[in-house]
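Residue numbers (the working numbering): 44 to 193.
Beta carbons are placed, not taken as given, at the ideal position from N, Cα and C, and that holds for glycine.
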């Protein structure tokens, strides 16, 4: 019997919860071994592979005494593409002021794991990019050229 396809929206919510707990192992189980996190659109670089992604997570959250992300919107657009709108609120170590930041993430998934995430500051740009990517991957599936998660 085949397992049902993974609920990608729920997987993202679990990933965010793990990140809020600073449970990096729990967060990383959502990523393929050779996953890529492309944060270059928001100015924080490109991270390839789980170890590099873990290092990014650790460095990013270490600057904060209080840190929380909220997934304001998560959508499975089909064909192994998700769109997420996130709100980050954190208090930098040694400060009483909070930093607040809203951004979007477009993720591609294969076999129930994230293979690539690209972050965006411009929410509408991210939404449009996610929709184009879902359509493109759908065309590839129809042509037999892409294997999406089971």
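Report task. Locate the alpha helix (DSSP H) running through residue 55, then write down its first and last residues. Result -> 51-63
Report task. Determine contact between the region 105-125 and the region 161-181, defined as no fewer than three beta-carbon pairs at a distance below 8 Å. Result -> yes
Query raised in the report: Terminal residues of the continuous alpha helix (DSSP H) containing residue 147?
Result: Residue 147 -> not in any alpha helix (DSSP H); beta strand (DSSP E) instead, spanning 141-153.
Query - At least 3 beta-carbon pairs within less than 8 Å: the region 152-168 vs the region 99-106 - result: no
Report task. Would you kindly check if the distance between the Cβ of residue 143 and the Cβ of residue 135 is under 8 Å? Result -> no
Query raised in the report: Can residue 116 and residue 127 be called in contact, C-beta distance under 8 Å?
Result: yes
Query raised in the report: Between residue 148 and the rest of its own chain, which residues show a CB-CB distance below 6 Å, the 5 nearest in sequence each way excluded?
Result: 127, 160, 162
Query - Start and end residues, alpha helix (DSSP H) containing residue 96 - result: 93-105
Report task. Would you kindly work out how many angstroms separate the C-alpha atoms of residue 95 and residue 53, rounded to a whole number? Result -> 24 Å
Query - Closest by C-alpha distance to residue 93, when choosing among 183, 181, 129, 77 - result: 77
Query - Helix, strand or coil at residue 121 according to DSSP, with G and I counted as helix - result: strand
**Report entry** For residue 156: DSSP bridge partner residues
**Finding:** 153
Report task. Report yes if the C-beta distance between residue 146 and residue 80 is below 8 Å; otherwise report no. Result -> no
Query raised in the report: DSSP on residue 174, reduced to helix/strand/coil?
Result: helix
Report task. Spell out the partners DSSP gives residue 167 in its beta bridges. Result -> Paired residues: none, contrary to the question.
**Report entry** N-terminal and C-terminal residue of the alpha helix (DSSP H) that residue 66 is part of
**Finding:** Here residue 66 belongs to no alpha helix (DSSP H), and DSSP marks it neither H nor E.
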